[in-house]
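Novice: One structure is given below, represented as structure tokens, and several questions about it will come after.
Residue numbers (the numbering used here): 2 to 540.
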């Protein structure tokens, strides 16, 4: 067992700063008339600061009697005194320092490659000086992106700009952003801007870097386009051109078509002429508009919600409609969560009977598949095998939360068997097309499966029926069996988030509910239930 006596060691080393004994280096800091010279010790400087070690090893003394000298004009004497106390004793005291001084300490530490306190001060500022940094955003942004090591502050700045781009684009000189800062921002999925606005800001930034270019691209020469293309070479791949409307493409992109490679431009043009035309390369989905009022889910994101909403309303059902823009006419309100309310047939019927327009999302264990179904009529309980009738229900599947290519939608083909109301079943579609079940209605579901029967096509290749409890506890190799990871039930709100009408839970005779499932590996089930409704007057 070893014991560390670091406190006394620190005190002894700090005392070396009180005198010139054994010092062999002078460091001159500040600028006239505020220059100050510090006498320090080469071994300690070399050991503690990679920057000073590099300088000292490259500066050879002419003789043993001549002290090595270093000049640090960008660091004031006051700040360097604080830095020296850290270098010698590992001590950094911030109690009496205002925030602007802390920024200066961090910049000095960054210059001297003192990464330990650089990382510490970044976290300290983010955790303790958030409001100050918001108010002095331009300073923080400029400071962070002037360095290759202030990564946490760079992330902090990019996060703020992504959440409130209009605010920060107007509060600082947007065109003075570094290319690194701009690309970090526009590559984010959560940038809260319309794509056409992103494109216009990027063009504005590019023009500011080439002041000889005039605004009208119709007057540009081929060399002008080449110059602009070189300036924007790292930005252009981050613009989600496929998310633009036909009008935006015609008016805002077509005049700059020489900036784009030929294949991309042809794909864009073809996508507007034929919405079902498949692009030659993979394309980015619309940016995620943050609106916590729409849905609160760990299973699905707004892209899936948008696609489901299109299917429900039967709008823009071409193959690639989901890449244009998010379609979010509904607000989803939580009705049931399995981890909170339990994952039993009885609890489902207690909380959801009488509710309608439901969509079920099931996340399959290990494969990350998301399965589900839409029910436009109310849920009921029946002690015998009673079915709900509707022509508008459907079931569906996605490869996973972030893969929307080729989702499967299967409409009901036998309307007399659209929904299963038995009390021992949770939300179930058809007699076997999408099933959650337990013979004891007070116990968690132990049998989930998908077998094509009353819907047009199967939504999953594997049709093996199994008991979740058996699969989990026995360790059998049930390859292809359906494992429910989590579940939730959701529904539309009484208003669209965009029209400002307050939402409310509807009565039991009103339609519109969606269901989402997930069950974790330890059989600790969780789920959520929301209600939802279209805005008055329709979409």
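No residue lacks a Cβ here, since even glycine has one placed at the ideal position from N, Cα and C.
These numbers come from a predicted model, not from an experiment.
(1) Tell me residue 380's beta-bridge partners as DSSP assigns them.
(2) For residue 259, which residues from the same chain have a beta carbon less than 6 Å from its beta carbon, with the 5 sequence-adjacent residues on both sides left out?
(3) Distance check for residue 325 and residue 359, CA to CA, integer angstroms please.
(4) The alpha helix (DSSP H) with residue 30 in it runs from where to where?
(5) Bridge partners of residue 429, per DSSP?
(6) Which one or two residues does DSSP pair with residue 404 in a beta bridge?
(7) To the nearest angstrom, report how far apart residue 383 and residue 436 are at their CA atoms.
(8) Spatial neighbours of residue 480 within its chain, please: CB distance less than 7 Å, with the 5 preceding and 5 following residues excluded, ordered by chain position.
(9) With a floor of 3 residues, list each beta strand (DSSP E) that falls wholly inside the stretch 300-374, ordered by position along the chain.
(10) To the nearest angstrom, how far is it from the Cα of residue 401 to the Cα of residue 303?
(11) Using the Cα positions of residue 75 and residue 105, report the straight-line distance between them to the nearest angstrom.
(12) Can you give the beta carbon distance from residue 69 to residue 53, rounded, assuming they're within the 8 Å contact cut?
(13) Unbroken alpha helix (DSSP H) runs of length 4 or more, entirely within the stretch 97-180: which are they?
(14) DSSP three-state label for residue 389, please.
(15) Among the residues of its own chain, which have a CB less than 8 Å from the CB of residue 240, if the five just before and after it don't count?
(16) Please tell me whether residue 327 and residue 287 are closer than 8 Å, where the distance is taken between their beta carbons.
(17) By Cβ distance, which residues of its chain are closer than 6 Å to residue 413, with the 5 residues on each side in sequence left out?
(18) From the DSSP secondary-structure annotation, give me the bridge partner or partners of residue 73.
(19) One question on the structure: do residue 50 and residue 88 come within less than 8 Å of each other, judged by their Cβ atoms?
(20) Below 8 Å, how does it come out for the stretch 207-218 and the stretch 306-316: are there three or more Cβ pairs, yes or no?
(21) Could you tell me the distance, in whole angstroms, from the CA atom of residue 300 to the CA atom of residue 362?
(22) With a Cβ-Cβ cutoff of 8 Å, do residue 329 and residue 365 count as a contact?
(23) Taking 8 Å as the threshold, find out whether the stretch 112-131 comes into contact with the stretch 153-160 through three or more Cβ pairs.
(24) Return the first residue and the last residue of the beta strand (DSSP E) that residue 37 is part of.
(25) What does a CB cutoff of less than 8 Å around residue 406 pick up in its chain, not counting 5 residues either side in sequence?
(26) Tell me where the beta strand (DSSP E) around residue 411 begins and ends.
(27) Name the residue from 335, 168, 283 and 149 whose alpha carbon lies nearest to the alpha carbon of residue 192.
(28) Helix, strand or coil for residue 83, going by three-state DSSP, please let me know.
(29) Identify the residues that DSSP records as bridge partners of residue 456: which are they?
(30) Apart from the five residues just before and just after residue 392, which ones in its own chain have a Cβ nearer than 7 Å to its Cβ?
(31) Got a sec, what are the start and stop residues for the alpha helix (DSSP H) residue 231 sits in?
(32) So for residue 56, helix, strand or coil by DSSP?
(33) Residue 26 to residue 3, Cα distance in whole Å?
(34) What separation, rounded to the nearest whole angstrom, lies between the Cα atoms of residue 19 and residue 136?
(35) Buried or exposed for residue 142, please, with buried defined as at least 16 other CB atoms from any protein chain shown within 10 angstroms of its CB.
(36) Using the rule of at least 16 other Cβ atoms within 10 Å of the residue's Cβ for burial, across every protein chain shown, is residue 171 buried or exposed?
Specialist: From the atom records:
(1) Position 379 of the chain shown, counting from 1, holds the residue named residue 380. 354, per the DSSP bridge assignment.
(2) Stepping through the chain shown from its first residue, residue 259 is reached at position 258. 226.
(3) The residue given as residue 359 occupies position 358 in the chain shown. The residue given as residue 325 occupies position 324 in the chain shown. Distance between the alpha carbons of residue 359 and residue 325: 26 Å.
(4) Position 29 of the chain shown, counting from 1, holds the residue named residue 30. No alpha helix (DSSP H) holds residue 30; the beta strand (DSSP E) holding it covers 26-30.
(5) As a first step, residue 429 is located in the chain shown; it is residue number 428 there, counting from the start. Residue 429 pairs with 421.
(6) For the purposes of this step, residue 404 is taken as residue 403 along the chain shown, with counting starting at 1. 401, per the DSSP bridge assignment.
(7) In the chain shown, the residue the question calls residue 383 occupies position 382. In the chain shown, the residue the question calls residue 436 occupies position 435. Put simply, the backbone Cα of residue 383 is about 16 Å away from that of residue 436.
(8) Here residue 480 refers to the residue found at position 479 when the chain shown is read from its first residue. Caution is warranted here: a pLDDT of 34 is assigned to residue 480, below 50, making its placement in the model unreliable, and no coordinate value can be reported.
(9) 359-364
(10) In the chain shown, counting from the first residue as 1, residue 401 sits at position 400. In the chain shown, counting from the first residue as 1, residue 303 sits at position 302. Going from the Cα of residue 401 to the Cα of residue 303 covers about 13 Å.
(11) The residue given as residue 75 occupies position 74 in the chain shown. The residue given as residue 105 occupies position 104 in the chain shown. Cα to Cα, residue 75 sits roughly 10 Å from residue 105.
(12) To locate residue 69, count along the chain shown from 1; it is residue 68. To locate residue 53, count along the chain shown from 1; it is residue 52. Wrong, their Cβ atoms sit about 10 Å apart, outside the cutoff.
(13) Counting only runs that start and end inside the stretch 97-180, the alpha helix (DSSP H) elements of at least 4 residues fall at 100-112, 116-129, 131-136, 138-146, 152-164 and 166-172.
(14) Here the question's residue 389 lines up with position 388 in the chain shown. Strand, per DSSP.
(15) Against the chain shown, residue 240 aligns to sequence position 239. For residue 240, where only same-chain residues beyond five positions count, the Cβ hits under 8 Å are 187, 196, 199, 200 and 203.
(16) Position 326 of the chain shown, counting from 1, holds the residue named residue 327. Position 286 of the chain shown, counting from 1, holds the residue named residue 287. Contact flag set, yes.
(17) Here residue 413 refers to the residue found at position 412 of the chain shown. Once the five neighbours on either side are set aside, the close Cβ partners of residue 413 are 394, 419 and 456.
(18) As a working note, residue 73 is residue 72 in the chain shown. For residue 73, which the question treats as bridged, DSSP gives the partners 30.
(19) Indexing the chain shown from 1 puts residue 50 at position 49. Indexing the chain shown from 1 puts residue 88 at position 87. Cβ atoms of residue 50 and residue 88: closer than 8 Å.
(20) no
(21) Counted from its first residue, the chain shown places residue 300 at position 299. Counted from its first residue, the chain shown places residue 362 at position 361. Answer to the nearest angstrom: the Cα atoms are 8 Å apart.
(22) Within the chain shown, the letter at position 328 stands for residue 329. Within the chain shown, the letter at position 364 stands for residue 365. No, the pair does not count as a contact, with Cβ atoms beyond the cut-off.
(23) yes
(24) The residue labelled residue 37 in the question sits at position 36 within the chain shown. From DSSP, the beta strand (DSSP E) with residue 37 extends over 37-41.
(25) Counting from 1 along the chain shown, the entry for residue 406 is found at position 405. The answer, listed in chain order, is 400.
(26) Residue numbering aside, residue 411 sits at position 410 when the chain shown is read from its first letter. Per DSSP, residue 411 belongs to the beta strand (DSSP E) from 409-412.
(27) Numbered from 1 along the chain shown, position 191 holds the residue referred to as residue 192. Measuring from the Cα of residue 192, the nearest candidate turns out to be 168.
(28) Here residue 83 is taken as the residue at index 82 of the chain shown, counted from 1. DSSP places residue 83 in helix when its eight states are reduced to three.
(29) Counting from one through the chain shown, the residue named residue 456 turns up at place 455. BP columns for residue 456 point to 413.
(30) If you number the chain shown from 1, residue 392 lands on position 391. Excluding positions up to five away in sequence, the list reads 413 and 416.
(31) Taking the first residue of the chain shown as 1, we reach residue 231 at position 230. 223-232 is the span of the alpha helix (DSSP H), which, as asked, contains residue 231.
(32) What you label residue 56 is simply residue 55 of the chain shown in a count that begins at 1. Of the three classes helix, strand and coil, the one that applies to residue 56 here is helix, per DSSP.
(33) What you label residue 26 is simply residue 25 of the chain shown in a count that begins at 1. What you label residue 3 is simply residue 2 of the chain shown in a count that begins at 1. Using only the alpha carbons, I get a separation of about 34 Å.
(34) Taking the chain shown and counting its residues from 1, the one referred to as residue 19 is at position 18. Taking the chain shown and counting its residues from 1, the one referred to as residue 136 is at position 135. For residue 19 and residue 136, the distance between alpha carbons rounds to 39 Å.
(35) The residue given as residue 142 occupies position 141 in the chain shown. That one is buried.
(36) Counting from one through the chain shown, the residue named residue 171 turns up at place 170. Residue 171 comes out exposed.
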